[in-house]
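Residue numbers (the numbering used here), protein chains in the order written: chain U, 7 to 390; chain D, 7 to 390. Ideal Cβ positions, reconstructed from N, Cα and C, are used throughout, including at glycine.
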């Protein structure tokens with residue numbers, strides 16, 4: 007019964023989704039329309055929706071993978087689009103972060119068009135969004151650089167091909183975003199939450215290292231220096247702070263450290279192995295040393311969706327979002343929400359960050375919320 | 007009986023050693039006497055002696071640790087000096103590499119004088135030498151920078167405080183040395199063997215990361231770019247090569263990857279744990295990607311002396327050299343020798359590298375040679 011309802015629901019949304027898909031090519035930025043500064047809302051909150059592994063291809067003609075037979079009728083990329091639209095309506099995020107494998111380029115007739123369609127719900131809703139690359143985004147005529155350049159040309163994105171002022175850096179899509187305090191508060195011109203985006207690459211270029219790529223020293227050095235610069239600014243006037251502003255890090259391929267957990271010490275599920283490179287990039291060590299990162303968010307392994315805390319950093323999967331991506335029939339596609347909340351000051355204004363919470367929502371009838379947890383609170387790493 | 011002989015032998019050498027120790031302060035460079043270019047000998051060989059963990063302090067008044075009761079009579083730092091003199095005479099190395107904990111600074115009355123004394127046999131023998139820092143070298147009034155600056159002021163050293171042309175780099179004692187081909191051969195102006203030296207730091211500055219420090223992104227980026235530059239030069243005219251010149255890497259604290267082995271897949275012994283940082287620096291990945299490194303040589307864990315091959319790179323300990331360092335009574339202090347041999351060309355000249363062999367020698371009556379093994383041959387990583 008529930009399954010039948012679900013099918014109807016998905017079908018109903020397809021009409022909206024298809025309309026949006028047609029509009030998507032109009033959404034390409036023709037002028038500079040990007041939002042310049044992210045900031046906390048008047049209610050002291052900032053909400054991020056993470057969308058992992060959409061695996062978008064040709065829209066309506068691209069079939070779903072690993073869904074129940076009852077769900078398979080007319081199931082296509084448009085179900086992915088519909089899910090994203092519903093999530094935007096349900097959560098009204100301040101930022102959407104796409105953590106790679108945005109498109110499944112080898113099945114895309116025209117990668118640029120697939121990208122347009124994949125991101126169209128965010129563009130349509132005029133919500134700021136940021137994307138990084140996975141290992142499938144470049145598997146067509148469009149190179150990784152080409153994909154990233156196309157992404158930054160789209161409306162409402164805050165994505166960048168690479169940071170300015172850095173000569174040579176590995177990959178495409180390494181950048182950071184600052185989230186300033188509430189307008190009118192003492193923190194209105196300070197970044198109270200820092201978001202880092204990195205390109206975790208695609209496939210290992212070294213024959214003796216198996217399968218996936220990793221985050222390289224040039225990227226880590228950029229991250230480290232950016233973090234130091236942000237920390238210096240945060241701890242300076244006005245509103246001098248003693249501890250760094252919390253940082254959240256987004257990329258595609260998980261770190262080997264994601265394998266440190268089992269069901270006794272994580273929230274969520276682990277239904278497949280951790281598909282990182284067979285060597286350790288050292289990026290976990292670099293983040294630990296930087297001292298500001300409270301959580302890392304990746305995709306890549308679609309049927310893992312846990313968060314586990316290691317050395318003061320929460321390592322989180324989002325779980326697979328896209329219907330053309332492999333998954334597990336009967337195990338709903340899902341997405342991760344993160345909400346950061348500011349401290350209320352004595353003067354009925356807003357101060358620095360107090361709390362970071364997360365939950366996931368499932369693509370079912372009710373967009374069911376699961377696994378609500380505190381990622382960080384008041385300077386307590388991994389606090390609950 | 008054997009033990010008695012050994013005691014007499016060590017005592018006999020103390021006279022020479024003590025004399026050298028007195029001369030050591032005279033050996034400080036007063037003018038630029040450094041050798042400018044390492045190169046292979048006329049016989050196509052280049053030999054490196056690795057000396058790990060001398061733990062030198064005040065010379066004659068500094069007692070030995072972990073020796074047999076029969077060896078303990080008058081045993082002091084001078085036994086360390088004597089061992090180094092004997093090894094120089096026995097092996098006639100082209101380069102001596104000191105891989106840190108050269109002095110045990112917290113027991114040194116005057117760290118500069120301890121450094122002078124520790125390196126005096128190399129200086130006295132006019133043999134080029136290079137040093138990196140361990141975690142004990144700075145445990146006195148002399149900082150890590152101060153220790154490294156003192157080291158580079160000594161005669162016959164090729165050590166450098168840090169590479170030129172690099173703005174900011176973590177640590178002190180990151181540099182590389184080129185070993186050119188035989189004079190008069192086609193490779194006389196090419197580096198056919200590259201030596202990298204890195205500062206693996208001392209103690210973790212991050213409370214949540216236990217005990218030891220690690221090699222940072224800035225150092226790894228310098229290594230990576232240096233390796234790329236050397237590879238480009240080697241594969242260019244004259245004598246264009248298809249594969250990079252082999253590289254050997256020296257530093258103090260082992261990588262977590264040293265824990266990948268057991269007695270079934272290494273040569274030597276493992277009698278204690280691998281004391282790396284509790285996080286992975288990623289330097290192993292960086293070396294694997296660079297593609298030229300054939301072997302890594304560390305110290306730090308005095309009673310481990312093995313070499314094990316992982317992903318084409320041999321990871322080697324030297325075993326403890328110094329008598330004031332912890333060890334194992336009855337298990338001889340030791341040192342590692344590496345010999346690189348060039349290929350003979352048709353024209354009875356010398357070409358690129360053919361073979362890298364290693365063995366250890368024990369501080370016993372005969373300076374017994376053990377564990378002879380091939381580390382690399384003709385482009386075959388870990389070949390035997």
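Check your understanding: Rounded to the nearest angstrom, how far is the Cβ of residue 112(D) from that of residue 146(D), given a contact under 8 Å?
Key -> Going by Cβ atoms, the distance from residue 112(D) to residue 146(D) rounds to 7 Å, so yes, they are a contact pair.
- request: Select from the stretch 304 to 321 of chain U all residues with a C-beta closer than 8 Å to any C-beta belonging to chain D, and list them in chain order.
  value: 317 and 318: these are the residues of the stretch 304 to 321 of chain U whose beta carbon lies less than 8 Å from some beta carbon of chain D, given in chain order.
- Query: Which residues in the same chain have their Cβ closer than 7 Å to the Cβ of residue 272(D), if we skip the five residues on either side of it in sequence?
  - Reply: In the same chain as residue 272(D), and ignoring 5 residues on each side of it, the C-beta atoms closer than 7 Å to its own belong to 312, 313 and 314, in chain order.
### Query
The alpha helix (DSSP H) with residue 91(D) in it runs from where to where?
Residues 83 to 97.
- Message: To the nearest angstrom, how far is the alpha carbon of residue 65(U) from that of residue 188(U)?
- Response: For residue 65(U) and residue 188(U), the distance between alpha carbons rounds to 39 Å.
message = I want to see whether chain U comes within less than 7 Å of residue 288(D), judged by CB atoms only; does it?
response = Closer than 7 Å to some Cβ of chain U, the Cβ of residue 288(D) qualifies, so yes.
When 74(U), 172(U), 159(U) and 261(U) are compared against residue 306(U), the one with the closest alpha-carbon: Cα-wise, what sits closest to residue 306(U) is 261(U).
Proximal residues of chain U, C-beta to C-beta of residue 295(D) below 7 Å: Chain U residues near residue 295(D): 212.
### Task
Could you tell me how far apart the beta carbons of residue 103(D) and residue 63(D) are, in whole angstroms, since I believe they sit closer than 8 Å?
In this structure residue 103(D) does not touch residue 63(D) by the C-beta definition: roughly 21 Å separates them, more than the 8 Å allowed.
*Would you list the residues sitting across from residue 183(U) in a DSSP beta bridge?*
Partner(s): 201(U).
(request) Measuring only between beta-carbons, confirm whether residue 215(U) sits less than 7 Å from chain D. (result) At least one beta carbon of chain D lies nearer than 7 Å to the beta carbon of residue 215(U).
- Cross-chain neighbours of residue 220(U) in chain D, by beta carbon under 7 Å: Against residue 220(U), the close residues of chain D are 291, in the order they occur along the chain (beta-carbon pairs closer than 7 Å).
Output yes if chain D places a C-beta closer than 7 Å to the C-beta of residue 170(U); else output no.
It does not; no Cβ of chain D falls within 7 Å.
- Task: Provide the residue span of the beta strand (DSSP E) that contains residue 224(D), from first to last.
- Result: First-last for residue 224(D): 223 to 240, but that is the alpha helix (DSSP H), not the beta strand (DSSP E).
Where DSSP assigns a beta bridge to residue 253(D), which residues make up the other side? DSSP, once it has assigned bridges, lists 200(D) and 299(D) as partnering residue 253(D).
- Item | Counterpart residues of residue 71(D) in DSSP-defined beta bridges | According to the DSSP secondary-structure assignment, residue 71(D) is paired through a beta bridge with no residue.
Any chain D beta carbon closer than 7 Å to residue 224(U): Chain D contact via Cβ: present.
Requested in this report: Could you give the DSSP three-state label for residue 320(U): helix, strand or coil?
Outcome: Residue state for residue 320(U) is assigned as strand, using DSSP reduced to three classes.
Measuring alpha carbon to alpha carbon, tell me which residue in 345(D), 200(D), 370(D) and 364(D) is nearest residue 337(D). Across the set 345(D), 200(D), 370(D) and 364(D), the C-alpha of 370(D) shows the shortest separation from the C-alpha of residue 337(D).
>> DSSP three-state label for residue 314(U), please.
In response: Note: residue 314(U) maps to strand in three-state DSSP.
**Q.** Contacts of residue 230(D) in chain U (Cβ-Cβ under 9 Å)
**A.** Going along chain U in sequence order, the residues near residue 230(D) (Cβ under 9 Å) are 222, 223 and 224.
- Query: Expressed to the nearest angstrom, what Euclidean distance is found between the alpha-carbon atoms of residue 220(U) and residue 208(U)?
  - Reply: So the alpha carbons of these two residues sit roughly 8 Å apart.
Practice prompt. Determine the chain D residues that contact residue 153(U) at a beta-carbon separation under 8 Å, and present them in chain order.
Written response: Against residue 153(U), chain D offers no close residue; the least beta-carbon distance is about 23 Å (beta-carbon pairs closer than 8 Å).
Under 7 Å Cβ-Cβ, which residues of chain D neighbour residue 227(U)? Going along chain D in sequence order, the residues near residue 227(U) (Cβ under 7 Å) are 223, 224 and 227.
- request: Tell whether a beta-carbon distance below 7 Å holds between residue 218(U) and residue 283(U).
  value: Yes, they are a contact pair.
Q) Going by DSSP, which residues form a beta bridge with residue 104(D)? A) Answer is 57(D) and 137(D), bridged to residue 104(D).
Checklist entry - If we ignore side chains and look at the alpha-carbon of each, how far apart do residue 291(U) and residue 253(U) end up? => result Taking the Cα positions, residue 291(U) is about 15 Å away from residue 253(U).
Expressed to the nearest angstrom, what Euclidean distance is found between the alpha-carbon atoms of residue 372(D) and residue 89(D)?
-> Their Cα atoms are separated by approximately 11 Å.
Query raised in the report: Quick one, are the C-beta atoms of residue 165(U) and residue 158(U) less than 7 Å apart?
Result: A Cβ-Cβ contact shorter than 7 Å links residue 165(U) with residue 158(U).
Does residue 381(U) come out as helix, strand or coil in the three-state DSSP assignment?
Strand.
Reducing DSSP to helix, strand and coil, say where residue 32(U) ends up. With a pLDDT of only 38 at residue 32(U), under 50, the local geometry of the prediction cannot be trusted, and no value is derived from it.
Using only CA atoms, which one of 51(U), 352(U) and 297(U) lies nearest to residue 185(U)?
Of 51(U), 352(U) and 297(U), the residue nearest in Cα terms is 51(U).
Original post:
What does residue 299(D) reach in chain U if we use C-beta pairs closer than 8 Å?
Top reply: What residue 299(D) touches in chain U, judged by beta-carbon distance under 8 Å, is nothing: the nearest beta carbon there is about 12 Å away.
Exercise. By the criterion of Cβ-Cβ separation under 7 Å, what are the contact partners of residue 302(D) in chain U?
Worked result: The contacting residues do not exist; residue 302(D) stays about 14 Å from chain U at best.
query = Does residue 285(U) have its Cβ less than 7 Å from a Cβ in chain D?
reply = With 7 Å as the cut-off, residue 285(U) counts as an interface residue toward chain D.
Three-state secondary structure (DSSP) of residue 273(D): Reduced to three states, the DSSP call for residue 273(D) is strand.
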